[in-house]
Amino acid sequence: MSLLIKALKHQEVDSFVHREDLFLLKIFLLLLSYISIIINSHTFYLALIISSVLIMLAGRAYKIVFESIGVYAPVAFLIYLINLAFNTVSLRMFAILIYGYTVFVGMLMIVSTTPRKQFLRILEKLRLDVVFFMTLSILEEFNEMLNSKRARGWDAGLNVLKYYVIIVDAIKLSIVRLRNVEDSLLARGVERF
Numbered sequence: 421m422s423l424l425i426k427a428l429k430h431q432e433v434d435s436f437v438h439r440e441d442l443f444l445l446k447i448f449l450l451l452l453s454y455i456s457i458i459i460n461s462h463t464f465y466l467a468l469i470i471s472s473v474l475i476m477l478a479g480r481a482y483k484i485v486f487e488s489i490g491v492y493a494p495v496a497f498l499i500y501l502i503n504l505a506f507n508t509v510s511l512r513m514f515a516i517l518i519y520g521y522t523v524f525v526g527m528l529m530i531v532s533t534t535p536r537k538q539f540l541r542i543l544e545k546l547r548l549d550v551v552f553f554m555t556l557s558i559l560e561e562f563n564e565m566l567n568s569k570r571a572r573g574w575d576a577g578l579n580v581l582k583y584y585v586i587i588v589d590a591i592k593l594s595i596v597r598l599r600n601v602e603d604s605l606l607a608r609g610v611e612r613f
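Numbering of the sequence shown is given in the working numbering, commencing with residue 421 and proceeding in unit increments.
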């Protein structure tokens with residue numbers, strides 16, 4: 421989650437790739453990343469990954485690039501180990517893992533190198549601008565809630581069942597935020613559905 425927060429905060433950096441006229445190129449790369457599973461070529465995946473990483477590096481998102489590897493590699497390794505345990509390791513599995521990283525780094529590239537104002541202008545037409553505007557603050561509040569729980573001694577360790585406390589608190593936090601957004605929208609004159 422901290423990777424997403426860093427990517428959202430990186431939107432405010434002023435660099436060559438944060439320009440508005442490059443938005444279509446970045447969207448095109450992201451769409452190519454999504455449909456690249458149809459082509460299923462390792463070379464194509466690699467070209468998309470390299471182009472997304474180069475755009476992020478040009479936007480000075482060095483930490484985000486390295487953290488994306490750090491976030492994705494353990495998950496990919498776990499999937500590999502599970503496939504190894506069930507003797508289902510194949511080239512198709514590797515292609516899907518590479519495809520997953522292609523889409524992951526493409527989404528990070530779009531989020532970290534597109535200014536927030538540009539996203540808001542596009543999402544305003546779909547009436548999703550308030551949701552996007554609140555995303556960073558909601559993620560930061562959720563991160564603060566996690567830090568508060570840890571400071572009070574909460575530690576789930578490997579017990580997945582202990583995460584219910586976090587899930588319940590996240591739902592409560594989301595409900596409070598949604599009520600605030602609803603009140604804000606009603607004050608602006610948006611009618612209830």
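Ideal Cβ placement from N, Cα and C applies to all residues, glycine included. If you're wondering where the values come from, they're calculated on a predicted model, not measured in any experiment.
So, for residue i: in the same chain, excluding its five sequence neighbours on each side, which residues have a beta-carbon less than 8 Å away from its beta-carbon?
{"i": "residue 559", "result": "421, 424, 425 and 428"}
{"i": "residue 461", "result": "none"}
Can you find the residues in the same chain that come closer than 7 Å, C-beta to C-beta, to residue i, ignoring five residues on each side of it along the sequence?
{"i": "residue 453", "result": "468, 522, 523 and 526"}
What separation, rounded to the nearest whole angstrom, lies between the Cα atoms of residue i and residue j?
{"i": "residue 486", "j": "residue 492", "result": "10 Å"}
{"i": "residue 473", "j": "residue 591", "result": "34 Å"}
{"i": "residue 562", "j": "residue 532", "result": "20 Å"}
{"i": "residue 520", "j": "residue 510", "result": "16 Å"}
{"i": "residue 609", "j": "residue 547", "result": "13 Å"}
{"i": "residue 484", "j": "residue 490", "result": "10 Å"}
{"i": "residue 514", "j": "residue 506", "result": "15 Å"}
{"i": "residue 488", "j": "residue 606", "result": "39 Å"}
{"i": "residue 440", "j": "residue 538", "result": "7 Å"}
{"i": "residue 464", "j": "residue 456", "result": "7 Å"}
{"i": "residue 604", "j": "residue 549", "result": "13 Å"}
{"i": "residue 556", "j": "residue 444", "result": "24 Å"}
{"i": "residue 611", "j": "residue 554", "result": "20 Å"}
{"i": "residue 497", "j": "residue 504", "result": "10 Å"}
{"i": "residue 598", "j": "residue 551", "result": "9 Å"}
{"i": "residue 396", "j": "residue 594", "result": "An answer regarding residue 396 cannot be provided, because it is not within the stretch 421 to 613 covered by the chain."}
{"i": "residue 508", "j": "residue 517", "result": "14 Å"}
Any heavy atom of the ligand ADP closer than 7 Å to the beta-carbon of residue i?
{"i": "residue 572", "result": "Here there are no bound small molecules, and the ligand ADP is not part of this structure."}
What residues in its chain sit with their C-beta under 6 Å from that of residue i, if we drop five residues either side in the sequence?
{"i": "residue 435", "result": "479 and 480"}
{"i": "residue 530", "result": "446 and 450"}
{"i": "residue 544", "result": "none"}
Indicate the three-state DSSP secondary structure (helix, strand or coil) for residue i in the structure shown.
{"i": "residue 590", "result": "helix"}
{"i": "residue 610", "result": "coil"}
With a cut-off of 8 Å on the beta carbons, I'd call residue i and residue j a contact; round off their distance for me.
{"i": "residue 475", "j": "residue 437", "result": "5 Å"}
{"i": "residue 431", "j": "residue 536", "result": "5 Å"}
(Q) For a minimum of 4 consecutive residues, which ranges assigned as the alpha helix (DSSP H) are wholly contained in the region 482–558? (A) 482–505, 511–533 and 536–544
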